[in-house]
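Report on one structure; see the data block that follows.
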Amino acid sequence: MCTDPHLWLEDVEDEKALHWVRARNDLTVAQFTQNDRFRGFQERIRTILDSDDRIPMFEACGDTLYNFWQDKDHPKGIWRRTTLEEYRKDRPEWEVVLDLDALAQAEDENWVWAEALICRPECTKALIRLSRGGGDAIEIREFDLQTNEFVSDGFFVSEAKTHLTWAGPNRLLIGTDFGAGTLTDSGYPMTIREWNRGSRLEDAPEFYRGKTSDAFVHAKADPNTNFRDYYISRWTDFFSNEFFVYRNGELIQLDKQDSATANIHRGQLLLHLKHDWDRNGTQYTAGSLLIGQLDDILTGTRDYQVLFKPSEHSVLIIHSETKNSIVLNISENVCTNSYIVTKDDSGKWNLERIHESSGFLNEIGFPYESEESDRTLTLSESFLEPSSLSLNGPSEPLRVLKRTPSFFDSESFETTQHWAVSKDGTKIPYYQVARRDAEGIRPTLLYGYGGFDVPLLPAYIAVAGNTWLSRGGTYVIANIRGGGEFGPDWHHQALKEHRHRAYEDFIAVAEDLIARGITDTPHLGIQGGSNGGLLMGNMYVQRPDLFGAVVCQVPLLDMKRYHLLLAGASWMAEYGDPEKPEEWAYLKNYSPYQNIRADETYPTILITTSTRDDRVHPGHARKMVARLGEMGHRVHYYENIEGGHAGAADNKQRAFMQALVWEFLWTTLASD
Numbered sequence: 007m008c009t010d011p012h013l014w015l016e017d018v019e020d021e022k023a024l025h026w027v028r029a030r031n032d033l034t035v036a037q038f039t040q041n042d043r044f045r046g047f048q049e050r051i052r053t054i055l056d057s058d059d060r061i062p063m064f065e066a067c068g069d070t071l072y073n074f075w076q077d078k079d080h081p082k083g084i085w086r087r088t089t090l091e092e093y094r095k096d097r098p099e100w101e102v103v104l105d106l107d108a109l110a111q112a113e114d115e116n117w118v119w120a121e122a123l124i125c126r127p128e129c130t131k132a133l134i135r136l137s138r139g140g141g142d143a144i145e146i147r148e149f150d151l152q153t154n155e156f157v158s159d160g161f162f163v164s165e166a167k168t169h170l171t172w173a174g175p176n177r178l179l180i181g182t183d184f185g186a187g188t189l190t191d192s193g194y195p196m197t198i199r200e201w202n203r204g205s206r207l208e209d210a211p212e213f214y215r216g217k218t219s220d221a222f223v224h225a226k227a228d229p230n231t232n233f234r235d236y237y238i239s240r241w242t243d244f245f246s247n248e249f250f251v252y253r254n255g256e257l258i259q260l261d262k263q264d265s266a267t268a269n270i271h272r273g274q275l276l277l278h279l280k281h282d283w284d285r286n287g288t289q290y291t292a293g294s295l296l297i298g299q300l301d302d303i304l305t306g307t308r309d310y311q312v313l314f315k316p317s318e319h320s321v322l323i324i325h326s327e328t329k330n331s332i333v334l335n336i337s338e339n340v341c342t343n344s345y346i347v348t349k350d351d352s353g354k355w356n357l358e359r360i361h362e363s364s365g366f367l368n369e370i371g372f373p374y375e376s377e378e379s380d381r382t383l384t385l386s387e388s389f390l391e392p393s394s395l396s397l398n399g400p401s402e403p404l405r406v407l408k409r410t411p412s413f414f415d416s417e418s419f420e421t422t423q424h425w426a427v428s429k430d431g432t433k434i435p436y437y438q439v440a441r442r443d444a445e446g447i448r449p450t451l452l453y454g455y456g457g458f459d460v461p462l463l464p465a466y467i468a469v470a471g472n473t474w475l476s477r478g479g480t481y482v483i484a485n486i487r488g489g490g491e492f493g494p495d496w497h498h499q500a501l502k503e504h505r506h507r508a509y510e511d512f513i514a515v516a517e518d519l520i521a522r523g524i525t526d527t528p529h530l531g532i533q534g535g536s537n538g539g540l541l542m543g544n545m546y547v548q549r550p551d552l553f554g555a556v557v558c559q560v561p562l563l564d565m566k567r568y569h570l571l572l573a574g575a576s577w578m579a580e581y582g583d584p585e586k587p588e589e590w591a592y593l594k595n596y597s598p599y600q601n602i603r604a605d606e607t608y609p610t611i612l613i614t615t616s617t618r619d620d621r622v623h624p625g626h627a628r629k630m631v632a633r634l635g636e637m638g639h640r641v642h643y644y645e646n647i648e649g650g651h652a653g654a655a656d657n658k659q660r661a662f663m664q665a666l667v668w669e670f671l672w673t674t675l676a677s678d
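Position one of the sequence shown corresponds to residue 7 (this note's numbering), numbered consecutively onward.
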């Protein structure tokens, strides 16, 4: 077996490795950031990211709304609150609950906000989740929402990849790193404990244990049973799970498909199917959403009703629950609309669209406050239409609460949808955003992801509008297989040995753009991150003749070792297990790190990652850059020392990283 000469770069904090990183960062900074165009990009992006006119998304506790906010005065951010009445105003008054900048300075720690878990229904306590530098590992502290102070003798969990949830005001269900034998091979919690206030965490009794080969386990306590019922999900891999009800000390397993996801709300079981299912002689279609009374399903006295059944191009993206209804977000040809499903007196469930819209407007509906209200919020946006947030309820009409202003003049642009034909004949949709009067070849950026059942849906492109569209560029989103744009089968078609289909889809879109006269190879750039970074790596090595520039962000690239690095083992259901010869037989064909050739001519590439990314190991990017360099290929590299898997920890870093990408693309694909 050949020894990897660049294995030392996987030692994330090793000083020799960091010196290597800084040297390459310096080269990239010197080449792309010392000019007026970059500085203009950076300033404009920072203005957009810090704008006071952004919609402050919130979590509601009754009529009190909590929001986390970052701007130029609060780069790390503030957690704040206001009332719904005040929020409706153009310039609401906010009360600062926690100032993260002040906390970081006082403790001399590089805190990055992760999340706040509010204890309901009292809403007097919260668990604050803090990350050092933006990684997935977090420290957790209890916070008093009446005094706006951390609870001195409250719940505290030291830094780890932790999952926890409230089980009443004085109890938590927690999975964390308790030492040897408590984490999965992916580095996530394998056990769940019941932790009561006033007791030590290490003394908390364990009531569920998975296996080290699992991806992770999660638990939730049901407030509608006064937190007596716990619901446990044991994810045996990234897409398969077992679901249990823990009641009165007894563990009851739900009879369901391994791939189906279960959720309990007010005694009702919702089951989202990922494969066709034959249950008691009844055929249910993959992608359907089923509902039934939990106790009836467990005892077998009654079966499911169908809330939603997909069609060829109409699929359920996500669902959520209000107090008495279900919110469905249904995508039709890669554009989502929101619906409310309510039960009438006869027990029939009825579907009603929340808002009538047209064009490529994307709507996502979600509860205002799921346990206590039937109000819903709807976030609407398109590539060219700024986002708006609306509120409605059973007794109140849809009303816009907030609207983002236009950050660029979109009147001269248009969005169109096109379909390319992949190698196997499958039609692949893609969105194109360009000037209405655009003619001839122009710089074009093609973005893709294609994995983990994640759909790429229309979203307002404020930054790209300023840095790309307004300068004459064309922006394209490819909805390739592996994603969730057309339901479970669209994802399944690109799993494991079929991963090549996602790459063939992306190539088909690129070739269609060229065939339509939109662009050509020297003017075609591509971009993707994480799994999309793996996509970029494969486009780079498989079709170097097709692209003029490649932006590869927080990528997976070494598929021989990905399962040994950080959370990589949890993704083997998506990619395969390289230690199984029959699976390495296909994996080796789309492992970019192993497929670089010294005698090939490759397009210009920018690879970026984060030192603090504890999900996708920065070693993937580092080793790829090292191997390209030793073979004499030109490669640009930048590794943000902070930022986690998101790549940046605050708006200053985000503006720098994004401006770097746009400057690289303009330098490579066009000249002023």
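Don't be surprised by glycine CBs; every beta carbon is placed ideally from N, CA and C. It should be emphasised that the depicted structure is a prediction, and the values quoted were computed from it without experimental measurement.
Burial state of residue i (16 or more Cβ within 10 Å)
i       : result
Lys-594 : exposed
Lys-408 : buried
Lys-131 : buried
Ala-225 : buried
Asp-605 : exposed
Thr-171 : buried
Met-7   : Its pLDDT being 47, under 50, Met-7 is placed unreliably in this model, and the value from its coordinates should be taken loosely. Result: exposed.
Lys-629 : buried
Leu-404 : exposed
Gln-263 : buried
Gly-141 : buried
Ala-514 : buried
Asn-202 : exposed
Lys-354 : exposed
Arg-308 : exposed
Asp-42  : exposed
Which listed residue (the options) has its alpha carbon closest to that of residue i
i       : options                               : result
Glu-588 : Glu-375, Gln-499 and Glu-503          : Glu-503
Leu-397 : Leu-390, Tyr-374 and Pro-411          : Tyr-374
Pro-127 : Arg-94, Asn-116, Asn-176 and Thr-218  : Asn-176
Asn-356 : Val-347, Glu-248, Met-663 and Ala-579 : Val-347
Val-312 : Pro-609, Phe-249, Thr-305 and Ile-332 : Ile-332
Leu-675 : Pro-449, Gln-659, Arg-147 and Trp-590 : Pro-449
Leu-671 : Lys-658, Pro-464 and Pro-609          : Pro-609
Gly-160 : Arg-147, Gly-187 and Arg-215          : Arg-147
Met-545 : Gly-582, Tyr-481 and Gly-456          : Gly-456
Phe-458 : Glu-391, Asn-154 and Gly-582          : Gly-582
Cys-4   : Leu-136, Thr-153, Val-118 and Glu-113 : The structure shown has nothing for residue 4, since the chain only spans 7 to 678.
Glu-200 : Tyr-214, Asp-191 and Gln-423          : Tyr-214
Ser-205 : Ile-198, Leu-178 and Asp-17           : Leu-178
Residues sharing a beta bridge with residue i, DSSP
i       : result
Cys-558 : Gly-534 and Ile-613
Lys-502 : The partner list for Lys-502 (beta bridge, DSSP) is empty, contrary to what the question assumes.
Ser-137 : Val-118
His-623 : DSSP output for His-623 lists no bridge partner at all.
Asp-284 : Gln-289
Gly-241 : Just to set this straight, residue 241 is Trp in the shown sequence, not Gly. According to DSSP, Trp-241 bridges with Phe-222 and Asn-247.
Own chain, CB closer than 7 Å to residue i, minus 5 neighbours either side, in chain order
i       : result
Glu-99  : Thr-88 and Glu-92
Leu-189 : Asp-183, Pro-195 and Met-196
Gln-48  : Ala-661, Phe-662 and Ala-665
Asn-116 : Ala-110, Arg-138, Gly-139 and Glu-648
Gln-548 : Tyr-509
Asp-351 : none
Ile-483 : Tyr-436, Tyr-437, Tyr-453 and Leu-462
6 Å Cβ shell around residue i - same chain, five flanking residues per side excluded
i       : result
Asp-678 : Annotation note: pLDDT 47 at Asp-678 (below 50); position unreliable, no value reported.
Lys-315 : Thr-291 and Ser-294
Asn-330 : Asp-380
Pro-494 : Lys-280, Ala-292 and Gly-293
His-169 : Gly-181, Pro-195 and His-224
Thr-607 : none
Close-in-space but distant-in-sequence residues of the same chain around residue i (CB under 8 Å, 5 per side omitted)
i       : result
Ile-447 : Gly-523, Ile-524, Thr-525, Asp-526 and His-529
Leu-304 : Val-251, Ile-258 and Leu-260
Exercise. Between the stretch 25–33 and the stretch 427–442, do at least 3 Cβ pairs fall closer than 8 Å?
Worked result: Not touching, per the Cβ criterion.
Exercise. Do the stretch 559–571 and the stretch 610–626 touch if we need at least three Cβ pairs shorter than 8 Å?
Worked result: Three or more beta-carbon pairs separated by less than 8 Å link the stretch 559–571 to the stretch 610–626, which places the two stretches in contact.
Problem set entry | Sufficient close CB pairs (3 or more, under 8 Å) joining the stretch 117–131 to the stretch 633–642 | no
Problem set entry | Touching by the beta-carbon criterion (3+ pairs, under 8 Å), the stretch 412–419 and the stretch 469–481 | Counting Cβ pairs under 8 Å, three or more are found: they touch.
Exercise. Between the stretch 28–43 and the stretch 67–86, do at least 3 Cβ pairs fall closer than 8 Å?
Worked result: No: the two stretches stay apart, fewer than three of their Cβ pairs being nearer than 8 Å.
Exercise. Any contact of the stretch 617–626 with the stretch 568–576, i.e. 3+ C-beta pairs under 8 Å?
Worked result: yes
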